[in-house]
Amino acid sequence: MMNYRGLRTGRQRSGILSIIALLMLSIASCSQSNPNQGTAFEQSPQAQEAASTPSMQAGKTKVVTTFLPIYLFTKAVAGDVADVEILVPPGTEVHEYQATPQNVKAIATANVLVKNGLGLEEFLESTVKNAQNRKLAEIDASKGIKPLNEISPVVKTAQEEEDHDHEHAQGNPHVWLDPVLAKQQVTNIRDGLIAADPANKATYEANAATYIKELESLNSEFQQTLQKTPSCTFITFHDAFPYLAQRYNLKQVAVVQIPEDQLSPTDVQNAVNAVKKYKVKALFSEPGVDNKLLSSLSKDLKLTLRPLDSLETGETDPQHYFKAMKANLQTLQTACK
Ligand SMILES: [Zn+2]
């Protein structure tokens, strides 16, 4: 899953990365080191509650979710009739998350587990095994979604290809960033909750319908706005937007991996060549990521570096999805002009 790794991982692997010159992706995001989001998390009692150990309220169905977008969708559908928790605290890298004993405990005492699927939650298999909860119902939010593999043109190096064995085994997992696929995820979550807790069927249906309506109007907003800038081509440093790009006729191009310490003249040249070859209009980092290499690269490329949010971290209010996606839309609109 190398190309989904975040900045934090990059740092940990800086020895290797500094050998590798300019590659497909990864820097930005999924990042524990995100100062803004980290602070938001610490200050949010809601988030703390969500990430805390199991609170068994009598009678309520206990639902554990894996990471932020899945938490947001599940919370939106469940409202107050079920207890919803999150395993991977916002601000923590999901792609290579290591489960804690608390996570095992949470799953052991849960009725339902909701995951994104598509291979994103690598930590889950052994965690669920350790929890030994035979009554656990599992909801795969991506059920029925056809995953994309590499549709983005990607700038690669020889070293990177060797390092690139079986990733993408289950396709790109970032389906929640396409409002239409998000709708499908909400529907899957709704159906799974109804199956696990039929007594609250009416509530799950009503809540899901409200949220789906909002997703539909978000989709129209994206369509109307982005049809004015067809085939807008952008570079990201986290392979998170191929579904969004496909949906709205944009092109996520070279996902470039930046070495940790300094850019070599070859790195810069490769990036410049990619920008020319693909007529790139925009360069995206992620919110809260302050990376000097990216800033200097953006200067060399004469492209403004803007933040695009993969929603892997952020606030735990279900409305946060719309807030962050509308901010993304505005960023895309400005960058693609
Ligand atoms: Zn990601």
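With this note's numbering applied, the sequence shown corresponds to residues 10 to 346, in that order. A virtual CB, placed ideally from N, CA and C, is assigned to each residue, including glycine. Computed from a prediction, not measured in an experiment: that's the story for all the values here.
- [ ] Under the assumption that VAL189 contacts ASN228 (Cβ atoms under 8 Å), give the Cβ distance between them as a whole number of angstroms.
- [x] For the purposes of this step, residue 189 is taken as residue 180 along the sequence shown, with counting starting at 1. For the purposes of this step, residue 228 is taken as residue 219 along the sequence shown, with counting starting at 1. Confirmed, Cβ separation roughly 6 Å.
Task: Spatial distance of ASN197 from ALA150 (CA atoms) - done: Against the sequence shown, residue 197 aligns to sequence position 188. Against the sequence shown, residue 150 aligns to sequence position 141. Cα-Cα distance, rounded: 5 Å.
- [ ] Could you tell me if ASP299 is buried or exposed, where buried requires 16 or more neighbouring beta carbons within 10 angstroms of its beta carbon?
- [x] Here residue 299 refers to the residue found at position 290 when the sequence shown is read from its first residue. Taking every protein chain shown into account, the CB of ASP299 has fewer than 16 other CB atoms within 10 angstroms, so this residue is exposed.
- [ ] For LYS144, count neighbouring Cβ atoms within 10 angstroms of its own Cβ and tell me buried if that reaches 16, exposed if not.
- [x] Along the sequence shown, one-based indexing puts residue 144 at 135. It counts as exposed.
Task: As assigned by DSSP and simplified to three states, the class of SER240 - done: The count along the sequence shown starts at 1 and reaches residue 240 at position 231. In this structure, SER240 counts as coil in the three-state DSSP scheme.
- [ ] Locate the beta strand (DSSP E) running through ARG256, then write down its first and last residues.
- [x] Counting from one through the sequence shown, the residue named residue 256 turns up at place 247. Element bounds for ARG256: not the beta strand (DSSP E) but the alpha helix (DSSP H), 251–256.
Task: CB of LEU81 within 8 Å of CB of PRO316, strictly - done: Taking the sequence shown and counting its residues from 1, one reaches residue 81 at position 72. Taking the sequence shown and counting its residues from 1, one reaches residue 316 at position 307. It is not a contact, given that the beta carbons lie outside the stated cut-off.
- [ ] Pull up the DSSP beta-bridge partners for PHE293, would you.
- [x] The residue labelled residue 293 in the question sits at position 284 within the sequence shown. In DSSP, PHE293 forms a bridge with THR245 and ARG315.
TODO: Give every residue of the same chain whose Cβ lies closer than 8 Å to the Cβ of SER240, excluding the five residues on either side of it in the sequence, and list them in chain order.
DONE: Position 231 of the sequence shown, counted from the first residue, corresponds to residue 240. Contacts found: ASN258, LEU259 and LYS260.
- [ ] Would you tell me roughly how many angstroms separate the C-alpha atoms of ALA49 and LYS210, rounded to the nearest one?
- [x] Reading the sequence shown from its first residue, position 40 is the one you call residue 49. Reading the sequence shown from its first residue, position 201 is the one you call residue 210. The predicted model places ALA49 with a pLDDT of 39, which falls under 50 and marks its position as unreliable, so this point remains unresolved.
Task: For GLN57, three-class secondary structure by DSSP - done: Working through the sequence shown from its first residue, we reach residue 57 at position 48. Residue placement at GLN57 is poorly supported in this model, since its pLDDT is 44, which falls under 50; the coordinates still yield a value, given next. Assigned with DSSP and collapsed to three states, GLN57 falls in helix.
Open item on the list: For a test of your reading of the model: does the CB of GLU367 fall under 7 Å from any non-hydrogen atom of ligand 1? Yes or no.
Closed with: What the structure shows of the chain is the stretch from 10 to 346, and residue 367 is not part of that stretch, so it cannot be assessed.
Open item on the list: Considering only heavy atoms of ligand 1, does any lie closer than 7 Å to the CB of HIS183?
Closed with: The residue given as residue 183 occupies position 174 in the sequence shown. Yes, Cβ of HIS183 sits closer than 7 Å to a heavy atom of ligand 1.
Task: GLU321 vs LEU77 beta-carbon contact at 8 Å - done: Along the sequence shown, read from residue 1 onward, the residue named residue 321 stands at position 312. Along the sequence shown, read from residue 1 onward, the residue named residue 77 stands at position 68. Using a Cβ distance threshold of 8 Å, GLU321 and LEU77 count as a contacting pair.
TODO: Answer yes or no: do CYS345 and ALA280 have a C-beta to C-beta separation smaller than 8 Å?
DONE: In the sequence shown, residue 345 corresponds to position 336, counting from 1. In the sequence shown, residue 280 corresponds to position 271, counting from 1. In this structure, CYS345 keeps its C-beta atom at 8 Å or more from the C-beta atom of ALA280.
Open item on the list: According to DSSP, is GLN261 part of a helix, a strand, or is it coil?
Closed with: Taking the sequence shown and counting its residues from 1, the one referred to as residue 261 is at position 252. Residue state, collapsed to three classes: strand.
- [ ] Can you have a look at MET334 and say buried or exposed, based on whether 16 or more other CB atoms are within 10 angstroms of its CB?
- [x] Position 325 of the sequence shown, counted from the first residue, corresponds to residue 334. Buried, because 16 or more other Cβ atoms sit within 10 Å of the Cβ of MET334.
Open item on the list: For LEU129 and LYS152, I'd like the C-alpha separation in whole angstroms.
Closed with: Within the sequence shown, residue 129 is the residue found at index 120, counting from 1. Within the sequence shown, residue 152 is the residue found at index 143, counting from 1. Roughly 13 Å separates the two Cα atoms.
Task: Distance, GLN111 Cα to ALA56 Cα - done: As a working note, residue 56 is residue 47 in the sequence shown. As a working note, residue 111 is residue 102 in the sequence shown. Here the model assigns ALA56 a pLDDT of 42, short of 50, so the residue's position is not dependable, and the following value carries that caveat. ALA56 and GLN111: Cα-Cα distance of roughly 16 Å.
Open item on the list: With a threshold of 7 Å (Cβ to nearest heavy atom), would ALA333 be considered close to ligand 1?
Closed with: In the sequence shown, counting from the first residue as 1, residue 333 sits at position 324. Checking every heavy atom of ligand 1 against the Cβ of ALA333, none is found closer than 7 Å.
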